[in-house]
Every structure is written in C-alpha cells, then in structure tokens.
Amino acid sequence: MTTEDHGAAGPYIEYDGLPVLHGTEVKLPLIHPYAPVPSSGRYVTPGGGRLTIRKAAKNSAHLRLTLDHLGCPAQCTEEKDTAYRRLALATEGYCVAAGCRHDPAFSGGVLRCFEVRTGSIPLDVFVRAVLAVELGDLGPAARLVEEAEARFGPVRQADGAGEEDQTEAG
Numbered sequence: 061m062t063t064e065d066h067g068a069a070g071p072y073i074e075y076d077g078l079p080v081l082h083g084t085e086v087k088l089p090l091i092h093p094y095a096p097v098p099s100s101g102r103y104v105t106p107g108g109g110r111l112t113i114r115k116a117a118k119n120s121a122h123l124r125l126t127l128d129h130l131g132c133p134a135q136c137t138e139e140k141d142t143a144y145r146r147l148a149l150a151t152e153g154y155c156v157a158a159g160c161r162h163d164p165a166f167s168g169g170v171l172r173c174f175e176v177r178t179g180s181i182p183l184d185v186f187v188r189a190v191l192a193v194e195l196g197d198l199g200p201a202a203r204l205v206e207e208a209e210a211r212f213g214p215v216r217q218a219d220g221a222g223e224e225d226q227t228e229a230g
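In my numbering, the protein residues as written are 61 to 230.
See the structure below:
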C-alpha cells in the first residue's frame with residue numbers, strides 16, 4: 061500500500077491494485093458482482109468505486125444507491141455516464157407505474173446516485189448491472205432498460221436532448 065497526501069481531503073491510500081481510497085475507506089468490504097447483495101452498507105467495488113446502499117431518506121419505498129469514483133477519472137467516460145443515466149431513467153418507469161413520481165436520482169461524473177423502488181427491480185440484479193457498467197460491460201444495464209421500455213414505453217433520452225433536469229433528487 062502507498063499513501064498519497066491530498067491535503068484536507070487525504071490521505072488517500074492505494075488498495076489492492078485499485079485506485080486510491082481515503083484512509084477511512086480501506087477497511088470497507090469488497091462487493092462481488094455475483095455475491096448476495098446486502099440491503100444496506102458501504103462497499104468497495106471491483107472497479108475501484110465506493111457503493112453505498114441505504115433506504116432513501118424521504119421515502120422508505122425506495123433504496124438509494126450511490127456510486128462514487130473519486131480519484132478514478134477513468135470511470136467518468138461519456139459512454140459509462142450515458143449507461144448509468146439510462147439505468148436511472150429505466151427505474152423511473154417502475155416508480156411511475158407504482159404511482160410515486162419523482163425525478164430519477166442521478167448525478168453524472170464521479171458521483172452517481174440511483175433510487176430503486178423496493179420490489180421493482182431485484183436489488184442484486186440492479187447492483188450487478190451497475191457494477192457491470194463500471195467494468196465496461198453495458199449489456200446487463202441495456203437489458204434492464206429494454207425490460208423497462210417493454211413494460212412502460214420508451215425512457216427519456218439519456219444524452220440531455222429534450223429531457224428535464226436529471227440531477228440528483230433531494
């Protein structure tokens with residue numbers, strides 16, 4: 061392990077070949093894409109991100125998943141951002157069908173947030189799709205989007221054209 065000092069935000073430590081982690085994060089458990097997914101907790105992902113799963117504060121019918129890639133600009137590609145945004149929009153269809161209307165919780169860049177309605181998409185399936193995108197496989201996320209579109213119609217465009225603001229819902 062090596063340490064990088066980033067001033068007030070640091071120290072960041074290289075961990076098991078992954079991008080550097082904050083000193084408080086090196087003891088987080090690693091989440092495996094095919095292991096059972098706990099309903100809450102904070103984990104280090106295979107691509108070096110940090111995944112937090114918890115109940116959404118404003119609505120217990122949703123889980124909030126936050127994936128951050130601070131210190132790992134390679135995870136912030138346009139292709140991955142588009143896949144994550146479409147995944148967030150696909151979850152919105154399940155919410156609309158259940159009668160709860162909110163903007164998809166999503167922020168692009170190094171911090172990505174999702175709200176998934178409990179009972180709509182199995183948590184392990186959703187987490188596997190998120191982790192697959194992180195590792196460069198867009199297939200599982202595309203399948204979730206296709207399933208949502210088959211049930212609820214087309215999701216809004218992920219490129220920002222003709223859509224409302226998709227920033228993180230509060």
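The beta-carbon is built from N, C-alpha and C at its ideal position, and this holds for glycine as well. Since the structure is predicted, the reported quantities are computational estimates derived from the model, not experimental observations.
Query: If I measure Cβ to Cβ from residue 176 and keep anything under 6 Å in the same chain, skipping five residues before and after, which residues do I get?; Result: 123, 151, 186
Query: Who are the Cβ neighbours of residue 133 in its own chain at under 6 Å, not counting the five residues just before and after it?; Result: none
Query: Could you tell me which residues DSSP puts in a beta bridge with residue 101?; Result: 113
Query: Determine the closest residue to residue 155 out of 90, 120, 129, with distance taken between C-alpha atoms.; Result: 120
Query: Looking at C-beta atoms only, is the number of pairs between the stretch 97-113 and the stretch 190-206 that lie closer than 8 Å three or more?; Result: yes
Query: Compute the beta-carbon to beta-carbon distance between residue 125 and residue 190, rounded to the nearest angstrom, for a pair I have assumed lies under 8 Å.; Result: 7 Å
Query: If the criterion is Cβ atoms closer than 9 Å, does the pair residue 101 and residue 89 meet it?; Result: yes
Query: Please state if the CB of residue 202 and the CB of residue 55 are separated by a distance shorter than 9 Å.; Result: Within the shown structure, residues of the chain are numbered from 61 to 230, placing residue 55 beyond reach of any answer.
Query: From 153, 159, 82, pick the residue whose C-alpha is nearest to that of residue 129; which is it?; Result: 82
Query: Is the beta carbon of residue 113 closer than 9 Å to that of residue 183?; Result: yes
Query: Mark residue 87 as exposed unless 16 or more other C-beta atoms lie within 10 angstroms of its C-beta, in which case mark it buried.; Result: exposed
Query: Using the DSSP secondary-structure output, state which residues sit across from residue 174 in a beta bridge.; Result: 125
Query: Just to confirm before moving on: does the CB-CB distance between residue 211 and residue 153 stay below 9 Å?; Result: yes
Query: Based on DSSP bridge pairs, tell me the residues matched to residue 92.; Result: Note: residue 92 sits in no beta bridge, so no partner.
Query: Going by other Cβ atoms of all chains shown within 10 Å of its Cβ, with 16 needed for buried, is residue 95 buried or exposed?; Result: exposed
Query: So the candidates are 110, 173, 111, 140; which of them puts its Cα closest to the Cα of residue 200?; Result: 140
Query: By Cβ distance, which residues of its chain are closer than 7 Å to residue 178, with the 5 residues on each side in sequence left out?; Result: 121, 122, 123
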